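Counting in our numbering, the final residue of the sequence shown is number 660, and the numbers go up one at a time with none missing. For glycine and all other residues, C-beta sits at the position ideal for the given N, C-alpha and C. If you're wondering where the values come from, they're calculated on a predicted model, not measured in any experiment. Take a look at the structure set out below.
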Amino acid sequence: MDAVQLDGLEPSPEENGSVSQSAPHKRLSQVDTVVLPFLGGFGRYQRRLVALTWIPAFLISFSQFSDHFLLGQPDRKCVRPDQNRTSSARDIFDLIATGNGAESSNITACVCPEWRFELQSGLQQNVVTKWTLVCDGEWKVHIAKFSLLVGSIVGYLLMGAMADWLGRIPVLLVSVLSVLVFGLAVAFSVDMAMFSTLRFFEGFCLAAIRLSLYVLRIELCLPAWRFSMTLIANLIIVIGQLLMPGLAALCRDWQILQIVIIAPFVLMLPYVWMFPESLRWLLVTQHYQRAKQQMYRIAHSNSIATATDSSGILSELEAELQQKPKTYCVTQITGTRNLWKNTVVLCVNSLTGYGIHHCFARSVLEGSASHLHYYALAAIAISSCLVLFPVVAGFGRRGGLLTFMIITALASLLQLGLLNLIGKYSLLHDAVLQDTLNQRFSHAFSIIGMFSSHAVSTLSIFYCAEITPTVIRGGGVGLVLASAGFGMLTAPLMELHNQKGFFLHHVILTCCTLLCTICIPLLPETAGQPLPETIAEGEGLLRQPILPGEQHHLLAGTEVREYSRVQDTPLHQVVNPGNGLVPSNSTANGMRTS
């Protein structure tokens, strides 16, 4: 059947995932299958650079978990109670009359002109004890936590787009210089307003460093190495979390701790000479002169002879040296049909994973700041990373994400509903025994939920990095990391409101886990697949059935035959012309099995 031209339905190649058959530089755009194998694959050069991306993970983890020590609430004791606070007694009487006994007890505990603080974090003094941020001043602590997270969210969004526009290395260099300035300035804050403002910019710069290193690591690896190299970096971050209490105990003072955390970032300044720009980004944005120099450098380091160009890559590169560079922005994702949906699904997964992790953690910690609970969280994170590797290797990215999301949803539903049923229908008449049983079940479900939600959030970020094409990978990863930041923002938000509405908050996130469970099967599988380089290739990633014969189970036999003929319709030929890049058995919903 001949294709017909329909006015207004001819989309751009970036929108429908198709490119012209006469598209140039075809071999140069096949980085995973042609360019990198020609340069030695995942050779000594690439392994050394990936190792360099692991080193800053320690520093990033120290900064990421510093709030637990810099802003930890101490145990306090009133040294000299104030016996002349009649106004406070009047406030207490009013609260008791209205039934707010808990708030009246808080006011009673805060009637003190002089405090003695004792920190459990290993420090002798932190921000809270220096400026006496207790009782009426406790809200400033939550604002300080807000500032770091909000700075990170803004950094992910803005610097992700800048990494696609200017390159990964310029963003990394500017961010390292900036974090040294703002991070060291934090240690010399004179009041809480200055501390919170500088922490915003510190979070902004740390987010840019993490994002640029994450994208560089992904783009250095071949498909078989991507997940394992990323998982090692995640394990290093958790190891940094484990080392943080010892570092705090050695520093003793919060200002010294802040300097010790930030000062080692000066070791990253030589990265501008040691670390080259991403070869994928150079090729896809047509910076061919710089790409040529880097390809010869990689080949020399991997001991690859370039004299014989049997694949024709170097000759094709020479022919395109006069091409002008192109720029891309993550906002172009709005013109796609599939790519933006996949990105939104993974952003919601990331937000839900980090948000509900706090709900589970609160059920176990109960406001405790002891080292035992801190190490328990780190141990759960390590076990989650270790289990994540065999599960993803066996089930793939989509199957692993779906598995852990189902476990998270079940743990949350059982914690919310089963405990109430136990209390209502239990045959146990001993109230103390019922409370003990409920508490043990709650802790068990919370541990399972923290384990699975950590895996969900980790895998969602990595999954998005694989689905997003190279031209906008910085912006795409920035979106999913910013969504994770919004999820983490729920923790200080609940603390600021004194945990009011926490149950409703947990219920909403549980509903999000159920929604994610429905949407995850719509994602394409990326395990073992080359990274998409252009928006067209990212749009061409189609969902495959999870189970064999899935399409036949969804449709009757006659419907399957009719559905399979969608390729022959004029409209489909206009929107998706046959160019050989999209499989002939692909449909709007995935791969046709008939």
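Buried or exposed by the 16-neighbour rule on C-beta atoms within 10 Å, applied to residue 104:
Result: buried.
What residues in its chain sit with their C-beta under 6 Å from that of residue 348, if we drop five residues either side in the sequence?
Closer than 6 Å at the Cβ level, and outside the excluded window around residue 348, lie 356 and 357.
Original post:
Nearest-angstrom Cα distance between residue 583 and residue 130?
Top reply: Residue 583 and residue 130: Cα-Cα distance of roughly 29 Å.
Worksheet item: Which residues in the same chain have their Cβ closer than 8 Å to the Cβ of residue 378, if we skip the five residues on either side of it in sequence?
Response: If you ignore the 5 residues before and after residue 378, its C-beta comes within less than 8 Å of the C-beta of 93, all in its own chain and listed in chain order.
Taking the beta strand (DSSP E) that residue 293 belongs to, which residues open and close that run? In the DSSP assignment, residue 293 falls outside any beta strand (DSSP E) and lies within the alpha helix (DSSP H) extending over 292–317.
Limits of the unbroken alpha helix (DSSP H) element including residue 133: Boundaries of the alpha helix (DSSP H) harbouring residue 133: 133–136, taken from the DSSP string.
Item to complete: Answer with buried or exposed for residue 138, where buried requires no fewer than 16 other C-beta atoms within 10 angstroms of its C-beta.
Response: Buried is the call here.
Report all residues from its chain with a CB closer than 7 Å to the CB of residue 190; omit the five preceding and five following residues, and keep chain order.
Its chain contains 318 and 319 as the residues whose beta carbon lies nearer than 7 Å to that of residue 190, once the 5 sequence neighbours on both sides are disregarded; these appear in chain order.
Check residue 635 in the structure and name its three-state DSSP category.
At residue 635, the pLDDT of 40 sits below 50, so the modelled position is not reliable and the matter cannot be decided from this model.
Next item on the list: Tell me where the alpha helix (DSSP H) around residue 271 begins and ends.
Entry: Taken as a continuous stretch (DSSP letters only), the alpha helix (DSSP H) holding residue 271 covers 258–286.
Q. Which of helix, strand or coil does DSSP assign to residue 578?
A. Here residue 578 sits in helix by DSSP.
Give me, in chain order, the residues of the same chain whose beta-carbon lies closer than 8 Å to that of residue 455; leave out the 5 immediate sequence neighbours on both sides. These residues qualify, in order along the chain: 293, 294 and 297.
Q. At which residues does the alpha helix (DSSP H) containing residue 113 begin and terminate?
A. Element bounds for residue 113: 110–130.
May I ask you to list the residues that DSSP assigns as paired with residue 143? 182, per the DSSP bridge assignment.
Closest by CA to residue 230, which one among 260, 120, 277 and 261? Ranking 260, 120, 277 and 261 by Cα distance to residue 230 puts 277 first.
Exercise for the section: Measure the C-alpha to C-alpha separation of residue 88 and residue 97 and round it to an integer number of angstroms. Expected result: Confidence in residue 88 is poor, its pLDDT being 35 and thus under 50, which makes the residue's placement too unreliable to answer from.
Length-filtered (4 minimum) alpha helix (DSSP H) runs lying within the region 489–548: The qualifying runs are 497–533.
Start-to-end residues for the alpha helix (DSSP H) that takes in residue 476 = Taken as a continuous stretch (DSSP letters only), the alpha helix (DSSP H) holding residue 476 covers 437–479.
- Item | Option in 242, 316, 407 and 501 with minimal Cα separation from residue 605 | Of all alpha-carbon atoms in 242, 316, 407 and 501, the one lying nearest the alpha-carbon of residue 605 is that of 407.
Provide the residue(s) that pair with residue 595 in DSSP beta bridges, ordered along the chain.
-> Answer is none; residue 595 lacks a bridge partner.
**Report entry** C-alpha distance - residue 339 paired with residue 225, whole-angstrom precision
**Finding:** Near 21 Å, if we compare the C-alpha coordinates of residue 225 and residue 339.
| query | Which runs of the alpha helix (DSSP H) spanning at least 4 residues fall entirely within the region 362–437, listed in chain order? | reply | List check, alpha helix (DSSP H) in window: 379–385 and 405–431.
Inter-stretch contact at 8 Å, needing at least 3 Cβ pairs: the region 113–131 / the region 300–314: With a cut-off of 8 Å, the region 300–314 and the region 113–131 count as touching, because enough Cβ pairs lie within range.
Coarse secondary structure for residue 610, derived from DSSP in three states
In the three-state reduction of the DSSP assignment, residue 610 falls in the coil class.
* To do: From the DSSP output, read off the bridge partner residues of residue 191.
  => Bridge pairing for residue 191: 319 [DSSP].
**Asked** Going by the beta-carbon positions, is the gap between residue 547 and residue 527 smaller than 8 Å?
**Response** The criterion of a C-beta distance shorter than 8 Å is satisfied by residue 547 and residue 527.
| query | Which two residues bound the contiguous alpha helix (DSSP H) that contains residue 233? | reply | It is not in any alpha helix (DSSP H) - residue 233 carries neither H nor E in the DSSP assignment.
- Task: Using a threshold of 8 Å, state whether the C-beta atoms of residue 576 and residue 480 are closer than that.
- Result: If you check the CB distance, residue 576 and residue 480 do not come in under 8 Å.
ask   = residue 474 and residue 522: beta carbons closer than 8 Å?
value = Yes, these two residues count as a Cβ contact at 8 Å.
Next on the checklist: Between the region 386–397 and the region 504–520, can you find at least three pairs of beta-carbon atoms closer than 8 Å?
Outcome noted: No: the two stretches stay apart, fewer than three of their Cβ pairs being nearer than 8 Å.
On the three-state DSSP scale, how would you describe residue 355?
Residue 355: helix per DSSP, three-state reduction.
Beta-carbon proximity check, residue 219 vs residue 552, cutoff 8 Å: In this structure, residue 552 lies closer than 8 Å to residue 219 by Cβ.
Cβ of residue 426 within 8 Å of Cβ of residue 361?
Cβ atoms of residue 426 and residue 361: not closer than 8 Å.
Whole-angstrom C-beta distance between residue 537 and residue 601, which should lie under 8 Å: That belief holds up - the Cβ atoms of residue 601 and residue 537 are roughly 6 Å apart, short of 8 Å.
Practice task
Pick out whichever of 141, 570 and 411 has its Cα sitting closest to the Cα of residue 201.
Solution key: Looking at 141, 570 and 411, the one whose alpha-carbon comes closest to that of residue 201 is 141.
Q | the region 254–262 in contact with the region 329–344 per 3-pair CB rule at 8 Å | A | Contact between the region 254–262 and the region 329–344 is absent, because fewer than three Cβ pairs lie under 8 Å.
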